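Numbering (the numbering used here), first residue to last: -6 to 268. Virtual Cβ for every residue (Gly too), placed ideally from N, Cα, C. Here the structure is a predicted model, which is why all the values come from computation and not from measurement.
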């Protein structure tokens, strides 16, 4: 069997596991949509002062980024840590299948789910809230999205390696993702009243660059009279790629295949002796 077939089968299997987990599907796909509905309900779909975009035009792409990060960073961190606690990663290493194929399947599944969840978010915005997609910025948006989800997939595996066990992984993902989402123009539009140091802090992390670069492609003030090359923000792409490279090096260093001392199998696998 070819390596490609093995990876494809692993992706298919991981997709099946994901969609059979109602909690994972809810927080990845439905939860960002709930934010979108609530924000447009509270603020109305009017133009945000000083931004040139409506509420839906702003939150459609930024929450698509949030959904994609949830599909990669959050799900990979939590799912991989739980699989390690259950002894699944250890058993994978004892099979003829190369361990990297298993991880490639997890990453590939997360990337597919990221495209699906972001597509649903933007689709709802376009169909029901008048969100516009511009041809001139489409290529830049796509490349930004691909780089962004790849970087957060790597960071998800890094966090899985740093998590002591599967029980602490959700707390660590929320503690690292949600505060950044609030200061990275994901949940709250840019404001002149925000302290300058807060923006400086946000610029150090990849989420801000992902959200702002992707959102720029949906801003009519940015797309009017622009060319395709205007939507390749080299600074933002560079920051994300730097995080990806450093994250990959650290993930290789800290990733663990065996359950850690004190970790317990998840409830759904307790008492089971067969894989």
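Between residue 161 and residue 67 the beta-carbon gap is near 14 Å, outside 8 Å, which marks them as no contact.
Per DSSP, the continuous alpha helix (DSSP H) segment holding residue 104 begins and ends at 92 to 122.
Secondary-structure assignment with DSSP links residue 40 through a beta bridge to 47.
9 Å or more divides the Cβ of residue 125 from the Cβ of residue 117. Going by beta carbons, residue 194 and residue 181 fall outside the 9 Å limit.
Proximity of the stretch -4 to 4 to the stretch 87 to 105 meets the contact definition, three or more beta-carbon pairs being nearer than 8 Å. By the neighbour-count criterion, in which 16 or more other beta carbons inside 10 Å mark a residue as buried, residue 51 falls on the buried side. Per DSSP, residue 68 is one residue of the alpha helix (DSSP H) stretching across 68 to 78. Within the same chain, 146 come within 6 Å of residue 100 by CB-CB distance, once the 5 residues on both sides are set aside. In this structure, residue 14 lies away from residue 78, with their beta-carbon atoms at least 9 Å apart. If you compare the alpha carbons of 202, 186, 61 with that of residue 227, the shortest gap goes to 202.
Between residue 247 and residue 173, the C-beta spacing is not below 9 Å. In the DSSP assignment, residue 252 falls outside any alpha helix (DSSP H), carrying neither H nor E.
Looking from the CA of residue 186, the closest CA among 27, 42, 46, 164 belongs to 42. Here residue 72 is not near residue 18, since their CB atoms are 9 Å or more apart. Looking at 196, 254, 250, the one whose alpha-carbon comes closest to that of residue 85 is 250.
An exposed status is given to residue 218, since fewer than 16 other beta-carbon atoms sit within 10 Å of its beta-carbon.
Excluding the 5 residues flanking it on each side, residue 134 has same chain C-beta neighbours closer than 7 Å at 207, 210, 224, in chain order. In this structure, residue 60 and residue 114 form a Cβ contact; the two beta carbons are roughly 5 Å apart against a cut-off of 8 Å. Within the same chain, Cβ atoms closer than 8 Å to the Cβ of residue 36 are found at 48, the five residues on either side in sequence being excluded. The residue among 179, 230, 44, 254 with its C-alpha nearest the C-alpha of residue 55 is 179. Restricting attention to 30, 58, 40, 39, the CA atom closest to the CA of residue 140 is found in 58.
Sequence-distant partners of residue 233 (beyond 5 residues in either direction) whose C-beta falls short of 7 Å from its own C-beta, in its chain, are 140, 141, 144, 199, 202, 203.
For the stretch 194 to 253, the full-length alpha helix (DSSP H) segments reaching 4 residues or more read 199 to 209, 213 to 216, 227 to 247 along the chain. Here residue 29 is near residue 53, since their CB atoms are less than 9 Å apart. Straight-line measurement puts the Cα of residue 129 at about 51 Å from the Cα of residue 257.
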